[in-house]
Structures are given as C-alpha cells and as structure tokens.
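To start, the structure under review is shown below, and the notes come after it.
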Amino acid sequence: MPRSIFALTLMLLTCCVSRLAAQDRLSRAEALEDLRYLITALEETHPDPYSAFGGRVSFKLRAQALLEAVPEGGLTPAELYSLLRPLFGDLRDGHTYISSPPGRPSAEPRYLPARFAIATDAVYIERALPPYEGLIGYRLLGLQGETLERAAALAATVFPAENDFGAKRWLLSFLVSDRRARRVFPDVGDGLAVELEGPSGARVERRLPFSLDRAAYLGAPWVVRRWEAIEENSGPFFWQFIGDSNIAYLRVSSIVGREAFEELRAVGRQDLREQVERYYERYVHASMPEAMDEALSGVPCLSRTVGEMLTSMRERGSEHLILDLRGNGGGWSSLLTPFLLLAYGDRYFGYDFPVTFATRISPAYLALGGQTLAEFNAQLGSDYEIGDYHVTEETSLDATSSRDEYANELEVLGCGLAETFRELNGRALYTPTVLVLLDPATFSAAYHFVYRLWHLGAKIVGVPSSQAGNAFVDVTPFRLPNSGLSGSIARTAQIFFPDDEERGRVLMPDFPMMWSDFQAYEFDEHAEVRYAIDLIGAGVR
C-alpha cells in the first residue's frame with residue numbers, strides 16, 4: 268500500500284452496524300431475492316469468497332444449498348439471519364459479517380455478575396460482584412457441558428473469527444447476558460454452568476446466575492484490581508508520564524481523530540457526516556454541530572497529541588514509551604503515518620515492509636467513494652475494469668521526493684503538522700524505545716499499527732490479537748433489499764507474512780502474557796502495563 272496519506276483514505280476498518288426496523292415475514296420469492304443479492308455481492312466485492320469453502324465449486328454448492336433451504340412459506344428476517352449465519356462463520360473473516368435483526372424479546376436481558384478476560388493460555392474471571400469476588404483469577408475450563416475450545420468454536424459460527432483468540436473474544440462477548448448467551452447455547456436458562464480452576468490448581472463447578480438487570484449491570488460496583496498510577500480517561504487517546512518514573516504512556520483506544528475526518532472531507536466521502544456524528548455520540552456525548560467546520564474543530568488531533576508527547580519526552584530525556592493499544596478495534600490506517608513520521612523520520616520512508624494489499628474493484632467499492640469507474644481510473648492513472656484487483660506494496664520510498672508530497676497532504680488535515688514535518692527535514696522529532704501492549708481486541712488498523720512498529724523495532728507485550736496478518740480487511744457495507752439485514756463485506760486481501768503462514772494467522776508477542784503472569788500481578792486491569800515497566804527495569808530494549 269503506498270504510504271501516501273490519501274492513498275489510504277478508503278481503508279476504513281471500523282465496523283459499522285445498521286439499525287433495522289422490525290420486518291414482517293418474507294415470501295419465498297423475497298427471501299430468495301435476498302439470498303441471491305448477498306451471493307452476488309460476496310462474489311463481486313470479496314477478494315476471495317471461495318477458498319474458505321474449498322474452491323469456487325464448493326462455494327456455489329453451499330450457496331445452492333441455502334437457496335434450496337428456503338421453505339415454501341418463506342422466512343422471517345430472524346430465520347433468514349439464522350440460515351445465513353453459518354456461511355459467514357465459515358468464511359473466518361472478521362470484516363465480513365451479518366448483523367442480527369432487531370426483535371422484541373419477551374423479557375429484558377439479565378446480566379452475569381462476572382466478567383472474563385483472555386490470557387495467552389487461558390480465559391479467566393477478571394472482575395466480579397459479591398459474593399463471587401473470590402472467583403477472580405479462576406480460569407475457565409468449560410461451560411454448559413462444553414469444553415472451552417468447543418464453546419469458542421461455537422461462538423465463531425455466530426461471529427466470524429480469524430484465529431483461536433478471535434473465537435475466544437467473541438465467546439466472551441456472548442457471556443454477558445442470558446439473551447446473548449442463547450446465541451451460542453440456545454437452551455441456557457437463568458444461569459451459566461461453569462467449570463473453573465483456581466490459581467492453586469483446585470477445580471470447582473459453579474453456576475453463575477443471570478441476576479442483574481441492565482441498570483444494575485451498568486452501575487455495578489465491580490470488584491476489580493486496578494493500578495491507580497494510570498489515569499482514567501474516556502477519550503480516544505491521551506498520554507502521561509507514569510507516576511514518578513520517566514516512562515511515557517500513550518493510550519490509543521481508537522484510531523480516530525480530526526485528521527481522518529479532514530481526509531474524508533478532502534476526498535468527498537459520502538459518509539463523512541455519519542462518521543462525525545458517530546464520534547460525537549461516542550466521545551462527546553452531545554449532538555454534532557450542524558456546520559462541518561465547527562464540528563471538526565471539536566475533534567482532537569492524534570498527531571498533535573503525539574507531537575506534544577514526543578517533545579516532552581525529548582525535553583525530559585525519557586527513553587521509553589508504553590503504547591497501549593488494548594481494546595483498540597481500529598479506525599483509519601492513515602492516522603498511523605504522522606505518528607511513524609514523527610517517531611522515525613526517514614527511516615519509516617526507507618523501510619521495505621513486506622506488505623501486499625489487493626483491493627477488489629466492485630460497484631459497492633466505487634459507490635462508497637462516490638466515484639464512477641472512469642473517475643477512479645482517472646484518479647489512479649489506471650485502466651481497471653470491474654472485478655480487477657488494485658494491488659499495492661509497501662516498498663521503500665525515496666525520502667527526499669516523498670517529503671514534499673507528504674507535507675502538502677498534511678496541510679489538508681488541519682492539525683498543524685505540515686510545518687513541523689518540513690522543519691524536521693527527514694529527522695525524527697524524537698525516537699523512544701517502544702513497548703506496545705495488545706490483546707485480542709486489538710484489531711484492524713490497530714493491528715496495522717502494531718505490525719509496523721514491530722518491524723521498526725518495538726517490542727510487543729500482552730495477548731495475541733484476534734486479527735490475522737494474512738486476512739481480509741476494509742469494510743464495505745451491504746443491506747439486503749427485502750429483509751433489511753445488513754453487514755459488511757471485506758474488499759481487500761492483506762498479506763503481511765508472505766512466507767510465514769503461522770505468524771500470518773497469529774502474531775505472537777515478544778513477551779506473551781500467560782495466566783501465571785496475570786496471577787503475578789494479582790489479575791490487575793493494568794497487569795500488562797506493570798509487566799512492561801518491569802521489563803524496562805530489567806533492561807529490555
């Protein structure tokens with residue numbers, strides 16, 4: 268992928284879920300129309316919908332079986348969703364999914380008084396409510412009569428998983444309430460039967476009740492260990508020096524900032540207002556101003572935050588940065604570039620990342636950018652046809668010729684970085700030793716961040732990501748015409764490890780956090796941060 272900021276514009280990697288209105292029963296003809304629409308969309312948009320099923324013929328047979336499974340009396344949207352769900356699960360593609368339809372359940376959901384977390388070799392209880400706080404740290408061996416591995420595999424049929432850590436991640440998302448748990452265990456009652464093993468090795472069987480209503484769950488006084496040296500901040504990113512140490516800490520919970528929205532505005536993205544409104548809902552908790560200039564002025568710049576942090580580190584002689592990407596589900600890959608330029612300068616330009624992206628040219632992809640095929644070709648100087656692949660590689664660049672191009676592009680982002688970048692003239696603002704924290708929820712653009720930093724010498728600490736390096740990315744929304752069911756289809760194949768299939772499936776950290784490591788830090792919410800600090804103290808660079 269070229270390292271031009273605007274060449275990465277359409278790599279929007281966060282997932283968007285549409286809201287549906289309740290629908291009446293579909294006739295058989297309507298259900299078949301929806302199925303054929305989806306099958307066509309998969310074949311037109313996805314880079315490779317076939318290999319996961321054993322080839323094109325096997326995919327077509329699977330599609331034909333779905334068509335034949337529609338009864339004469341038709342289907343409700345919920346029944347159509349249930350019919351389609353295994354198809355998406357078997358694709359094992361975290362960017363290609365279908366959302367469940369809304370419904371009117373007979374009862375409000377009831378929530379579990381315990382929350383789980385994932386270690387590299389275990390799933391364990393991270394927090395709980397009395398009288399279950401004594402189970403904090405206990406590892407999960409099985410539930411509802413199934414082994415943990417089997418339960419995770421069942422969860423991966425509900426939401427696609429690219430590796431085993433993704434399957435466990437989705438399993439835990441379903442163990443929040445009885446309503447969600449029934450998507451994996453349809454016969455679950457008013458409690459969850461679990462088999463646990465304590466840190467001492469003792470095994471116990473317990474029944475955790477779904478005992479909380481939504482208000483009680485959201486306001487619950489969870490018993491959880493949390494190291495107080497890390498400030499609480501609900502924004503998408505913030506930084507601090509940790510306590511009295513000279514170690515800097517940068518948490519990026521989502522790769523989103525003003526730069527991304529200015530970029531979308533510059534290229535005429537049709538969903539700009541929708542994206543900015545989502546930002547205001549999540550982080551500002553207020554309505555977005557009507558005027559776009561005013562709205563974007565209220566969105567902070569990630570690059571400005573990074574510049575302030577690196578300047579402070581340089582002034583203090585702070586050598587180490589702990590970059591916390593735990594729970595970061597992605598955002599805009601182009602926001603990574605200013606960080607990498609400030610921290611590495613021309614070294615970033617000159618690095619030959621072994622990366623290939625192949626984006627399928629489809630009507631849905633062109634519509635997302637509001638372009639015709641002719642306009643797309645004119646922009647790239649290409650002569651693509653529908654169905655072709657736009658292939659790019661991250662080869663090393665000539666720094667001198669690239670700087671002016673980047674400076675001009677940075678001026679559009681409205682964050683004041685262009686002048687700083689020109690003044691640096693290829694030098695890094697400051698290059699710290701970086702330790703990156705990740706977990707299974709570090710996904711998509713956040714995984715891209717980890718990958719590039721790792722190549723540039725950063726050490727990875729934590730639990731592997733649910734994102735595979737060799738995978739499919741870039742969400743392209745779809746909505747079925749009759750049922751209104753919606754979701755996304757990946758449009759780009761990314762190959763990060765062309766010669767290493769196992770690492771392309773799971774990028775194992777340099778310092779993986781095992782269950783015993785979390786135990787050593789008392790299963791603290793910030794165990795990874797404390798471990799990273801101890802690694803720095805031990806001389807890890």
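In terms of this note's numbering, the sequence shown is residues 268 to 808.
Where a beta carbon is used, it is the ideal one built from N, C-alpha and C, also for glycine.
Please read these numbers as outputs of a predicted model, since none were measured by experiment.
- Distance check between R352 and each of T307, G401, P380, A428 places A428 closest, using alpha-carbon atoms only.
- The DSSP assignment places 295 to 312, 323 to 335 as complete runs of the alpha helix (DSSP H) inside the segment 287 to 357, in order along the chain (cut-off: 4 residues).
- When beta bridges are read from the DSSP output, Q507 appears opposite Y516.
- Boundaries of the alpha helix (DSSP H) harbouring S669: 666 to 679, taken from the DSSP string.
- As far as DSSP is concerned, D538 takes part in no beta bridge.
- DSSP, reduced to helix, strand and coil, places G598 within a strand of the structure shown.
- At a Cβ-Cβ threshold of 8 Å, L590 and L704 count as neighbours.
- C-alpha of A738 to C-alpha of A319: approximately 12 Å in a straight line.
- DSSP places D591 within a strand segment (E or B) once states are collapsed to three.
- Sequence-distant Cβ neighbours of F441 in its own chain, meaning closer than 8 Å and more than five residues away, are A422, V425, R447, A448, R450, V451.
- Here P779 has T387 as same chain residues with Cβ atoms under 6 Å from its own Cβ, once five neighbours each way along the sequence are excluded.
- Shown here for Y304: same chain residues with a beta carbon closer than 7 Å to its own, the five before and five after excluded, namely L747, P748 in chain order.
- L396 and R436 have their C-alpha atoms spaced approximately 21 Å apart.
- One alpha carbon belongs to D655, the other to R758, and they sit about 12 Å apart.
- D619 counts as exposed, since fewer than 16 other beta carbons sit within 10 angstroms of its beta carbon.
- Nearest C-alpha to S521 among R719, F710, E462: F710.
- Distance from the Cα of Y546 is smallest, within the candidate group V523, D560, E789, Q537, for V523.
- Rounded to the nearest angstrom, the gap between the Cα atoms of S554 and R525 is 17 Å.
- Inter-residue distance for E795 and R493 is about 11 Å (C-alpha atoms, whole angstroms).
- Put simply, of M559, G597, L802, R614 the residue whose alpha carbon is nearest the alpha carbon of R540 is M559.
- Per DSSP, reduced to three states, the secondary structure at P779 is strand.
- DSSP, reduced to helix, strand and coil, places L379 outside both helices and strands of the structure shown, so it counts as coil.
- As a beta-bridge residue in DSSP terms, G729 pairs with L705, P779.
- The beta carbon of V471 is closer than 6 Å to those of L463 in its chain, skipping five residues each way along the sequence.
- For R627, the beta-bridge partners assigned by DSSP are Y656.
- I514 sits close to I800, with the two beta carbons spaced by under 8 Å.
- In this structure, P731 lies near L774, with their beta-carbon atoms less than 8 Å apart.
- In this structure, the straight-line span from the alpha carbon of I509 to that of Y516 is close to 7 Å.
- Between A666 and G693, the beta carbon gap of about 5 Å places them in contact (Cβ cut-off 8 Å).
- Taking each of Y673, L680, G681, V679 in turn and checking the Cα distance to L691, the smallest one comes out for Y673.
- Listed in chain order, the non-local C-beta contacts of Y484 below 6 Å within the same chain comprise Y378, local neighbours out to five positions each way being set aside.
- The segment 594 to 613 makes contact with the segment 559 to 579; the number of CB pairs closer than 8 Å reaches 3 or more.
- One alpha carbon belongs to E686, the other to R670, and they sit about 12 Å apart.
- Apart from the 5 residues on each side of it in sequence, Q786 sits with its Cβ closer than 8 Å to the Cβ of G404, P466 in its chain, given in chain order.
- In summary, H552 is exposed, with fewer than 16 beta-carbon neighbours lying within 10 Å of its beta-carbon over all protein chains present.
- Burial check for T414: the Cβ neighbour count within 10 Å stays below 16, so the residue is exposed.
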